[in-house]
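The structure appears right after this line, and notes come after that.
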Amino acid sequence: MSAATTTTAPIREPRSSFSERPVTVRSTPDFQFLSASGEVTVADVKVSNITMLIRREPLRVPRPLTFEEWSRLGFILLQKWEGVVVESDNDSFTAKLLDSHGKLPPHDATFSRAELPKSEHKLIEPGAPFVWTLGYRKIGNTRERASVVYFRSLPPLIESEIATAEKSAEDLRGSIGWK
Amino acid sequence: MLKTYADQLAGSNVAERPRDDEVEVSVFGPGYGECVVLHLTNDQWVIIDSCLETGSEQPSALKYLSLLNVDPAKDVRLVLATHYHDDHIAGIGAVFENCRAAQFACSMALNSADWVKLIEIYRSYLITGGSGVDEIRRVMRELRKRGEDREVVSPMFCIAGRIFGEPTLTASAEVACLSPSDAAVAIMHTRIREKLLPRVQRRRLAVPSLESNDGSVVLALRVGFASALLGADLEERNRPGLGWQAVLDSHVGGADGYDGFKIPHHGSSTAYHLDVWNRLIVPNGWAVITPYNRQKEPIPRATDCQRIRRMTERSFITSPPGWSRFRHPDSTVQKTAEEATLRIGVEQSKHGHVRLRRSVAAEAEWRVELFGHAQPLSALRIAA
Chain W
11 MSAATTTTAP
21 IREPRSSFSE
31 RPVTVRSTPD
41 FQFLSASGEV
51 TVADVKVSNI
61 TMLIRREPLR
71 VPRPLTFEEW
81 SRLGFILLQK
91 WEGVVVESDN
101 DSFTAKLLDS
111 HGKLPPHDAT
121 FSRAELPKSE
131 HKLIEPGAPF
141 VWTLGYRKIG
151 NTRERASVVY
161 FRSLPPLIES
171 EIATAEKSAE
181 DLRGSIGWK
Chain Z
119 MLKTYADQLA
129 GSNVAERPRD
139 DEVEVSVFGP
149 GYGECVVLHL
159 TNDQWVIIDS
169 CLETGSEQPS
179 ALKYLSLLNV
189 DPAKDVRLVL
199 ATHYHDDHIA
209 GIGAVFENCR
219 AAQFACSMAL
229 NSADWVKLIE
239 IYRSYLITGG
249 SGVDEIRRVM
259 RELRKRGEDR
269 EVVSPMFCIA
279 GRIFGEPTLT
289 ASAEVACLSP
299 SDAAVAIMHT
309 RIREKLLPRV
319 QRRRLAVPSL
329 ESNDGSVVLA
339 LRVGFASALL
349 GADLEERNRP
359 GLGWQAVLDS
369 HVGGADGYDG
379 FKIPHHGSST
389 AYHLDVWNRL
399 IVPNGWAVIT
409 PYNRQKEPIP
419 RATDCQRIRR
429 MTERSFITSP
439 PGWSRFRHPD
449 STVQKTAEEA
459 TLRIGVEQSK
469 HGHVRLRRSV
479 AAEAEWRVEL
489 FGHAQPLSAL
499 RIAA
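Those protein sequences? They're chains W and Z, same order as listed.
Going by this note's numbering, the first residue of the first sequence is number 11, and it counts up by one from there.
Going by this note's numbering, the first residue of the second sequence is number 119, and it counts up by one from there.
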């Protein structure tokens, strides 16, 4: 899967300086990095009417698997929800669920923590995003019903995102008289 | 088969407009969310918070005003967000965009540079599903748009003691803020900075809710001889200067209590303070609750309902608390989902509307009308 790049002319720096593409990471059992679409390594910026490529920090944007990707893994996907934890306690967590295909209204569900391996319990906190898939897992010529909950490992915030947000917030505040 | 909200309204008198001399308090609650619509006589309307109508997914307030043939662009004077939680401001961006002549008001707790920074940071997040923060940002963008052709677009910030009267409302109507207190505002500003603002290299999460609702805006409404106390989500904190005790300590209203009470925080025990009932509400005044289903144990609980019924015989709920049974078109998904969860259900299942109207004249009585799944609390059955 190739990274999204923009090539424009004239290029003011040697092309080789932009060759560091983010590496596609295969990370099981979470699968989030199986595809790296949405990776951004370069951006075009106009300076004095000259368009040039500048390098940015690679931003990998993991996303839930598509139907086809699940199928390749031997999983017949019947329903996929994207969830966010609303509250949690020692035994369970309650979450808001959005249908990935947008066909069902928002649902709420309470899961037992036992649905996840103990090593993942630290990921359960209010605001944490996860994916819940339901379907059949293929095992040889047989199949079994399966429910898989996995927490998304989104990239942490980086300095430049905070700086951009601060600038944008200042503009917004100034224009409407918010303190 | 559950009847839809629209089906239930068919044939009802919901579309009957209030008379010019009538005050109206309409409370909407679909199981997740809350909205209050006020008519303060002579076609002046106020919208407090927002929720979406089950089925149409349109803001309840706009749908209702359209049924009444009220023009929101002209007749709504004020749109107010009591606090930023999703269940109180779903769709408030669309509400404000449609209410072109309205002022926007929100809690003074949100009047901080950190809050605006937080909104902009969460905008860049990669998590599906909107939040209350997105709705506030939509309101801010609308304010900025209006600023292009108007001089004043600043929001109005609510703090205990602020009164909305002229020129926002006519001289006969008054909506006063009883909270947040100065202490609550200071605490909320600190919490936003220290608990909500994301930091570099920290894990990326959807915007969490703060544990308490100290910044919530409680409103007192008086028009002629009609009055009501709208409790938002303010809880009792048992700490000086915060929660309902702060409201009681600073309240300087007349000896007469308020005629009715929009009960705070979905009737939960954390929002109960006996002196609020004894000192601020008239004996056997009306009370309205909206349920909150998005937690392990939906509220109000059976004990909450019993406690409220001891306070007044005239208590109503917009829809019964609790989740509806999960139904999926694929039987395999249905079975597997039920096995994999402790509970699962649609978050907005039963939409209801409690409408209270009365003339502003001295001897008038409040008239209660129930639409959709709204019912008297006495008729509600919740397993203990």
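Beta carbons: idealized from backbone N, C-alpha and C, even for Gly.
(request) Give the straight-line distance between the Cα atoms of residue 439 of chain Z and residue 148 of chain Z, rounded to the nearest whole angstrom. (result) The alpha-carbon atoms of residue 439 of chain Z and residue 148 of chain Z are separated by roughly 10 Å.
(request) Taking residue 236 of chain Z as the reference, give the member of Z/318, Z/340, Z/139 and Z/403 with the closest Cα. (result) For residue 236 of chain Z, the nearest C-alpha among the options comes from Z/318.
(message) I'd like to know whether the C-beta atoms of residue 127 of chain Z and residue 489 of chain Z end up nearer to each other than 8 Å.
(response) Yes, the pair counts as a contact, with Cβ atoms nearer than the cut-off.
(request) Spatial neighbours of residue 187 of chain Z within its chain, please: CB distance less than 6 Å, with the 5 preceding and 5 following residues excluded, ordered by chain position. (result) If you ignore the 5 residues before and after residue 187 of chain Z, its C-beta comes within less than 6 Å of no other C-beta in its own chain.
(request) With DSSP as the reference, please indicate the residues paired to residue 143 of chain W in a beta bridge. (result) Looking at the DSSP output, residue 143 of chain W bridges to W/90 and W/158.
(request) Would you please state the rounded distance, in angstroms, between the beta carbons of residue 118 of chain W and residue 412 of chain Z? I believe it to be under 8 Å. (result) Between residue 412 of chain Z and residue 118 of chain W the Cβ distance is about 5 Å, and since that is below 8 Å, they are a contact.
(request) Have a look at Z/172, Z/304, Z/360 and Z/238 and flag the residue whose alpha-carbon is nearest the alpha-carbon of residue 179 of chain W. (result) Nearest C-alpha to residue 179 of chain W: Z/238.
(request) Over the uninterrupted beta strand (DSSP E) stretch that includes residue 111 of chain Z, give me the two end residues. (result) The requested residue 111 of chain Z does not occur in the structure, where chain Z is confined to residues 119 to 502.
(message) Assuming residue 429 of chain Z is part of the alpha helix (DSSP H), what are its boundary residues?
(response) 420 to 429 is the span of the alpha helix (DSSP H), which, as asked, contains residue 429 of chain Z.
(message) Run through the DSSP bridge pairs and tell me what residue 136 of chain Z is partnered with.
(response) Residue 136 of chain Z pairs with nothing; no bridge assigned.
(request) Starting from the N-terminal side, write out each stretch of the beta strand (DSSP E) that is 3 residues or longer and does not extend beyond the stretch 373 to 450 of chain Z. (result) The stretch 373 to 450 of chain Z contains these whole beta strand (DSSP E) runs: 376 to 380, 399 to 407 and 433 to 435.
(request) Can you grab the Cα-Cα spacing for the pair residue 96 of chain W / residue 289 of chain Z, in whole Å? (result) So the alpha carbons of these two residues sit roughly 43 Å apart.
(message) Counting only Cβ-Cβ distances shorter than 7 Å, please list the residues of the stretch 405 to 417 of chain Z near chain W, keeping chain order.
(response) Listed by position, the residues of the stretch 405 to 417 of chain Z near chain W (Cβ gap below 7 Å) are 411, 412, 413 and 414.
(message) Counting only Cβ pairs nearer than 8 Å, list the residues of chain W close to residue 471 of chain Z.
(response) Within 8 Å Cβ-Cβ: nothing; residue 471 of chain Z doesn't reach chain W, min ~19 Å.
(request) Specify, as a first and last residue, the run of the beta strand (DSSP E) that residue 343 of chain Z falls within. (result) From DSSP, residue 343 of chain Z is part of no beta strand (DSSP E); its letter is neither H nor E.
(request) Return helix, strand or coil for residue 333 of chain Z, following the three-state DSSP convention. (result) Coil at residue 333 of chain Z, not helix or strand.
(request) At 8 Å on the CB atoms, spell out the chain W contacts of residue 258 of chain Z, in chain order. (result) Within chain W, the residues near residue 258 of chain Z are 182, 186 and 188.
(message) Residues of chain Z with CB closer than 9 Å to the CB of residue 129 of chain W, please, in chain order.
(response) The CB of residue 129 of chain W never comes closer than 9 Å to any CB in chain Z; the least such distance is about 16 Å.
(message) Strictly under 8 Å for the Cβ-Cβ distance: is residue 321 of chain Z near chain W by that measure?
(response) So yes, residue 321 of chain Z belongs to the interface.
(request) Have a look at Z/169, Z/384 and Z/139 and flag the residue whose alpha-carbon is nearest the alpha-carbon of residue 506 of chain Z. (result) Any answer about residue 506 of chain Z is impossible in this case: the structure gives chain Z only from 119 up to 502.
(message) Taking DSSP's pairing of strands, which residues face residue 214 of chain Z in a bridge?
(response) Under DSSP, residue 214 of chain Z forms no beta bridge with any residue.
(message) For residue 493 of chain Z and residue 231 of chain Z, what's the separation of their Cα atoms in angstroms?
(response) Those two C-alpha atoms are separated by around 43 Å.
(request) Output, in chain order, the set of chain Z residues within a Cβ distance shorter than 9 Å of residue 143 of chain W. (result) Neighbours of residue 143 of chain W on chain Z: none; closest Cβ ~10 Å, over 9 Å.
(request) Determine, using beta carbons only, whether residue 231 of chain Z comes closer than 8 Å to chain W. (result) At least one chain W Cβ lies under 8 Å of residue 231 of chain Z.
(request) Figure out for me which residue from W/152, W/185 and W/156 has the closest Cα to the Cα of residue 88 of chain W. (result) Of W/152, W/185 and W/156, the residue nearest in Cα terms is W/156.
(request) Please list the partners that residue 142 of chain Z has in chain W, where partner means a Cβ-to-Cβ separation under 8 Å. (result) Per Cβ cutoff of 8 Å: no residues; residue 142 of chain Z is ~29 Å from chain W at best.
(request) Quick one: grab the DSSP three-state call for residue 58 of chain W. (result) Caution is warranted here: a pLDDT of 38 is assigned to residue 58 of chain W, below 50, making its placement in the model unreliable, and no coordinate value can be reported.
(request) Go ahead and pull the three-state DSSP assignment for residue 106 of chain W. (result) Strand.
(message) I need the boundaries of the alpha helix (DSSP H) containing residue 226 of chain Z, first residue and last residue.
(response) Here residue 226 of chain Z belongs to no alpha helix (DSSP H), and DSSP marks it neither H nor E.
(request) Along the beta strand (DSSP E) that carries residue 291 of chain Z, what are the first and last residues, could you check? (result) Segment 291 to 295, the beta strand (DSSP E) holding residue 291 of chain Z.
(message) Whole angstroms are fine: how far does the CA of residue 300 of chain Z sit from the CA of residue 169 of chain W?
(response) Cα-Cα distance, rounded: 33 Å.
(request) List the DSSP bridge partners of residue 507 of chain Z. (result) The shown model of chain Z, from 119 to 502, leaves out residue 507 of chain Z, and the question about it has no answer.
(request) Within 10 angstroms of the Cβ of residue 422 of chain Z, are there 16 or more other Cβ atoms? Answer buried if so, exposed if not. (result) Under this definition residue 422 of chain Z is a buried residue.
(request) Determine contact between the stretch 170 to 178 of chain Z and the stretch 131 to 150 of chain Z, defined as no fewer than three beta-carbon pairs at a distance below 8 Å. (result) A contact between stretches requires three or more CB pairs, one per stretch, nearer than 8 Å, and the stretch 170 to 178 of chain Z meets this requirement with the stretch 131 to 150 of chain Z.
(message) For a cutoff of 8 Å on Cβ pairs, would you count residue 456 of chain Z as touching chain W?
(response) So no, residue 456 of chain Z is outside the interface.
(message) With H, G and I counted as helix, E and B as strand and the rest as coil, what does DSSP make of residue 172 of chain Z?
(response) For residue 172 of chain Z, the three-state secondary structure derived from DSSP is coil.
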